[in-house]
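Below is one structure, written out as structure tokens, with a few remarks after it.
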Amino acid sequence: MTPPIATYRLQFNPNFGFDAARDIIHYLKNLGISTIYASPIFKARSGSTHGYDVVDPRVLNPELGRPEAFKSLIQTLHDHDMGWLQDIVPNHMAYDSNNPFLIDVLEYGTNSEYYHFFDIQWEHPDRDINGKILAPFLGDFYGSCLEKGELKLEYSEAGLSINYYQLRFPLRIESYTEVLTHNLGELRKLLGREHPDFIKLLGVLYLLKGAITETEKRQYKDQAAFVKGLIWELYQSNPEIRTFIDRNVETFNGTVGNPDSFDSLDRILSNQYFRLAFWKVGAEELNYRRFFTINELICVSIEAEAVFNLTHSYIKDLVEDGSFQGVRVDHIDGLYDPKQYLDRLGEQLGDTYIIVEKILEGNETLPEDWPIQGTSGYDFLYTVNNLFCQTANEAAFTRIYQRFCGQWRSYHELEVHCKRLIAETNLAGDVENLANFLKQLASQYRYASDFTLGGLRRAIQELLVVFPIYRTYITPAGLNRRDRSHIERAIEAAKRQKPQLANELSFIEKLWLLDYDEDMTEAEKAQWTHFVMRMQQFSGPLMAKGVEDTLFYIYNRLISLNEVGGSPGRFGITLSEFHGFNQQQATYWTESMNASSTHDTKRSEDMRARLNVLSELPDEWDAAVTSWKQINRHRRPDDSDSPDANDEYFLYQTLVGVFPFDPYDLREVRDRIEQYVVKAVREAKVHTAWLRPDSDYEDAFVEFVRQVLADGDDNEFLAAFRPFQQKIASYGILNSLSQTLLKLTAPGVPDLYQGTELWDFSLVDPDNRRPVDYGRHAQLLNDLQNWAAADLPGLLEDLKYNATDGRIKLFSIHRLLSTRHQYRELFDRGEYRPLRVTGKHADRVIAFLRKSGEAQAIAIAPRFCTELVEPGQFPVGKDVWDNTAVEIPGSAAQTWVEAISGRSLSRQTTLSVGQLLTDIPIALWISD
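In UniProt numbering, the protein residues as written are 1 to 928.
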């Protein structure tokens with residue numbers, strides 16, 4: 001297994017398929033990318049823009065191109081000596097009519113070979129869904145949809161089905177009897193009792209009434225298919241039978257305005273292996289595990305070996321034929337037993353690069369026994385982003401936020417509140433299922449038999465809302481000291497929060513720590529472990545929805561910190577913490593990915609880099625937002641309190657980060673922000689939410705945005721806003737360049753998200769999936785290379801002068817990646833050593849040494865530049881850095897050459913930062 005040198009994330013979709021990707025391979029190779037990092041490419045729901053809603057992992061998504069196009073793309077990669085890292089989705093699939101495994105279950109129930117393929121609780125205490133799978137996709141209550149004629153019985157070669165717009169649900173074969181016997185006497189009169197086709201139809205009814213239901217399971221589907229084939233043959237060949245079936249279908253579909261006419265269809269639907277329901281029902285009554293709170297994504301029982309083998313067979317083929325060189329495992333925390341899964345994956349894929357999407361909280365580390373190369377980079381993203389937040393100004397920023405918004409609750413209080421909100425609403429059904437399971441266990445022991453279902457439900461909820469990490473990894477083999485510590489601390493916190501639940505919490509603690517009773521049977525131990533592993537699967541979604549998708553839209557002190565894998569309650573990190581993280585990566589996870597923008601980030605790397613500048617300027621920021629609030633006080637629609645102060649504060653930060661450099665299209669910016677604020681306030685779940693949208697609040701907020709960003713020279717807000725925003729943007733350039741250097745030189749595999757090689761100020765999806773103009777990117781890079789070959793000093797001056805066009809970032813990435821290719825061992829395996837910085841601006845310099853054998857590299861980048869240079873200037877040269885210097889190890893090389901500028905320096909024990917940063921404000925000095 002050879003890890004990538006640098007990856008480039010591509011978001012495949014129907015408008016960017018295999019052919020489009022093939023066309024940019026030469027550009028990516030030229031940029032310095034070694035490996036395509038592809039979003040899911042297997043067959044997904046029609047029109048999928050992301051690929052995570054897979055319907056069949058055994059085939060490529062036809063909407064991305066034909067298999068020949070994929071093979072051509074792979075061949076082009078091989079011709080350029082490049083590889084492919086594939087994002088795979090083992091946790092869930094689309095709950096969709098094109099999912100062949102699910103359709104089989106919906107039609108055949110217990111007789112389907114895929115009965116246990118999905119994570120469905122078939123034996124559920126709720127009688128309405130016991131033995132069925134809930135289908136919560138209706139736009140209104142079931143009875144209303146039925147009587148409005150929206151649930152349509154249809155007949156085709158595939159058989160009888162209930163169609164709800166684009167969704168198709170096949171009926172079990174036993175339901176055909178009711179449709180085919182309705183008005184059967186009329187057909188007998190029309191054809192005659194002795195008509196061969198009528199006799200065939202009677203034979204079909206005989207099979208339906210007895211022979212099929214009495215057959216063995218393995219023959220059931222064959223018999224059903226045989227009967228369906230006979231019916232279709234009669235339907236095709238006999239006009240009278242065709243008319244008979246069509247009329248019956250029409251009759252069963254009822255007449256709008258006559259509720260009784262839908263009784264027959266209602267009766268048929270009540271006897272299916274599915275129960276159609278209003279989509280909101282899925283939040284409270286659920287018997288299948290979803291991906292987070294998305295009804296349309298049903299989880300897979302990937303822990304079953306047969307399911308694993310079926311869903312990974314094509315992935316294995318593509319690894320073995322050389323198409324894939326690695327895989328990224330999506331949502332590893334959603335799996336029942338991640339370690340078991342990763343062991344199987346390693347066995348099946350052999351010596352393949354494997355990374356996982358894993359959010360690490362605080363000082364949490366990856367389990368050492370996982371057979372992987374590392375994470376997809378959120379831990380690096382959190383670390384490098386927080387390095388540019390000025391921790392010294394935390395108190396000032398807290399005061400500004402509190403005064404502007406009246407937000408007095410602490411981050412921790414809000415975190416608990418948001419997780420509890422999700423547990424009580426969006427994930428209430430999941431909590432209920434856990435509580436029912438726990439009640440069954442408790443009833444078996446006299447010390448727990450008096451616990452009520454309600455008490456156990458509240459105890460589960462209170463424990464998980466204070467749980468500090470996404471999940472533990474307990475299995476029948478036991479638990480480690482780290483997991484035990486997390487559980488014990490969470491139990492203590494929950495007891496302090498809800499002392500009246502102390503007994504119930506102690507019982508859960510006993511289970512979670514696998515503190516078995518002495519006389520316990522192996523079957524009882526297995527039940528305890530199963531409950532624990534179910535709890536673990538639930539704690540991750542609760543953290544994700546409560547924190548990432550709720551709290552991050554509520555706690556708006558500094559929204560650059562509200563990022564996946566981050567903790568906005570922590571206002572920045574120290575240089576020593578940054579170096580400590582990198583030293584750990586260099587020791588344990590040298591092949592983990594370093595990300596800064598991804599398909600899941602709340603904001604792009606360059607937008608966060610801008611917003612972090614605010615942390616350096618609390619007084620200016622306070623004056624600016626106070627002024628803007630005064631200017632815009634009359635821009636709300638009459639009698640509206642939308643946006644509230646917290647949402648308004650969120651908006652102003654968003655505008656500072658998202659506004660493009662000149663020239664820009666104000667209408668495009670306004671359109672993006674209008675769409676974004678609706679999503680943001682729904683995610684916040686304060687005034688409106690996806691489950692209960694408040695159109696008045698949303699519409700008023702959108703109107704406020706339109707007024708604030710109105711065209712015209714008389715826009716007082718824009719006149720006041722633009723000078724401040726331009727100042728922040730100019731310093732944001734410096735943060736972005738420093739962040740880029742760190743990502744490309746620190747231990748780990750640097751990952752670029754599509755389009756971010758130039759300035760990118762994207763918001764959360766779908767904004768960050770806008771098309772990239774690769775033709776322009778390729779032409780810019782080609783021009784830069786030609787200019788550099790002819791006049792590198794002149795080019796660097798031009799890049800600084802025109803820094804807002806983004807070419808300075810593109811050129812820096814290209815030169816740094818070229819250096820990584822040239823000195824691969826140095827950056828793949830080299831040691832990481834922080835360098836001591838002295839002098840006036842020592843705390844504003846990030847410097848470290850990479851070393852492997854005789855090869856060495858010094859990376860140096862500035863931060864907190866607002867007190868170093870004026871807006872638009874660059875922190876380079878001795879006049880800026882004064883006596884600030886970097887101490888070079890005594891064994892350092894004789895001569896250093898800078899990777900971007902090509903300038904050289906002779907060895908000294910101390911080098912001034914003014915010497916090291918002369919041309920552009922980042923540098924990578926190399927010596928071999």
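Ideal Cβ placement from N, Cα and C applies to all residues, glycine included. All figures in this text were calculated on a predicted structure; none of them were measured in a lab.
Sequence-distant residues of the same chain with beta carbon closer than 6 Å to residue i, five excluded per side
i            : result
P4           : S34, T35, V749
G572         : N386, C389, T391
E154         : S161, N163
G83          : T35, Q325
F827         : R820
residue 1017 : No information on residue 1017 is available, as it lies outside the stretch 1 to 928 that the chain covers here.
K74          : Rather than Lys, the amino acid found at residue 74 in this sequence is Ile. S323.
R836         : E887
C-alpha gap between residue i and residue j, whole angstroms
i           : j    : result
D379        : F101 : 36 Å
E240        : G143 : 33 Å
L605        : A94  : What sits at residue 605 in the sequence shown is Glu, not Leu. Rounded to the nearest angstrom, the two C-alpha atoms are 30 Å apart.
G872        : I808 : 14 Å
A861        : F70  : 41 Å
L345        : L171 : 36 Å
N480        : I474 : 8 Å
V656        : N646 : 16 Å
E368        : L360 : 13 Å
I199        : S46  : 42 Å
W628        : L505 : 49 Å
residue 937 : Q440 : Absent from the model: residue 937. The displayed extent of the chain is 1 to 928, so no value can be given.
A158        : H312 : 28 Å
G566        : V431 : 26 Å
T601        : L737 : 19 Å
L514        : E524 : 11 Å
Exposed unless 16 or more other CB atoms sit within 10 angstroms - verdict on residue i
i           : result
S762        : buried
N768        : buried
D96         : buried
V764        : buried
Q856        : buried
T910        : exposed
R692        : exposed
Y108        : buried
R682        : buried
residue 942 : A query on residue 942 cannot be resolved here, the shown segment of the chain reaching from 1 to 928 and no further.
N782        : exposed
N426        : buried
V678        : buried
Beta-carbon contacts of residue i that lie in its chain and below 8 Å, excluding the five residues immediately before and after
i    : result
L134 : F274, R275, A277, V281, G282, E285, L286, N287, Y288
A493 : V466
T7   : I33, S34, T35, I36, Y37, L85, M593, V749, P750, D751, L752
Beta bridge counterpart(s) of residue i as assigned by DSSP
i    : result
L86  : According to the sequence displayed, residue 86 carries Gln and not Leu. Answer by DSSP bridge pairing, in chain order: A38, V327.
Y164 : L167
N295 : BP columns for N295 are empty, so no partner.
V54  : A44
A923 : I860
7 Å CB neighbourhood of residue i in its chain, flanking five on each side removed
i    : result
S596 : L381, V384, E605, Q739, K743
Y832 : N582, Q583, A586, P747, F848, R850
Closer than 8 Å: residue i CB and nearest the ligand FAD heavy atom
i    : result
Y731 : The ligand FAD is not among the ligands present in this structure, which contains no ligands whatsoever.
Any C-beta of chain C under 9 Å from that of residue i
i    : result
A523 : No chain C appears in the structure shown, which is made up of a single protein chain.
Using a Cβ distance threshold of 8 Å, determine whether the stretch 433 to 446 contacts the stretch 554 to 562, with at least three qualifying pairs required. Touching, no, given that fewer than three Cβ pairs across the two stretches are closer than 8 Å.
So, do the stretch 659 to 677 and the stretch 708 to 720 have three or more beta carbon pairs nearer to each other than 8 Å? Look at the beta carbons and you see the stretch 659 to 677 touching the stretch 708 to 720: at least three pairs across the two are nearer than 8 Å.
With three or more beta-carbon pairs closer than 8 Å as the criterion, would you say the stretch 311 to 329 touches the stretch 351 to 359? With a cut-off of 8 Å, the stretch 351 to 359 and the stretch 311 to 329 count as touching, because enough Cβ pairs lie within range.
Would you say the stretch 568 to 584 touches the stretch 445 to 459, given that touching needs at least three Cβ pairs under 8 Å? Flag = no, the stretch 568 to 584 and the stretch 445 to 459 do not touch.
Using a Cβ distance threshold of 8 Å, determine whether the stretch 334 to 348 contacts the stretch 542 to 552, with at least three qualifying pairs required. Judged by pairs of C-beta atoms under 8 Å, the stretch 334 to 348 does not touch the stretch 542 to 552, as fewer than three such pairs exist.
So, do the stretch 787 to 801 and the stretch 713 to 722 have three or more beta carbon pairs nearer to each other than 8 Å? By the criterion of at least three beta-carbon pairs nearer than 8 Å, the stretch 787 to 801 is not in contact with the stretch 713 to 722.
Using 8 Å as the threshold, is the stretch 886 to 900 in touch with the stretch 751 to 758, meaning 3 or more CB pairs across them? Too few Cβ pairs lie closer than 8 Å, so no.
Between the stretch 636 to 646 and the stretch 687 to 702, do three or more beta carbon pairs fall short of 8 Å? In this structure the stretch 636 to 646 lies against the stretch 687 to 702, because at least three pairs of beta carbons, one per stretch, are closer than 8 Å.
Determine contact between the stretch 238 to 256 and the stretch 170 to 186, defined as no fewer than three beta-carbon pairs at a distance below 8 Å. Verdict: yes, contact present.
Using 8 Å as the Cβ pair cut-off and three pairs as the minimum, do the stretch 49 to 61 and the stretch 836 to 847 touch? In the pairwise beta carbon analysis, the stretch 49 to 61 is classified as not touching the stretch 836 to 847: fewer than three pairs are separated by under 8 Å.
The stretch 289 to 296 in contact with the stretch 305 to 321 per 3-pair CB rule at 8 Å: No, the stretch 289 to 296 does not touch the stretch 305 to 321.
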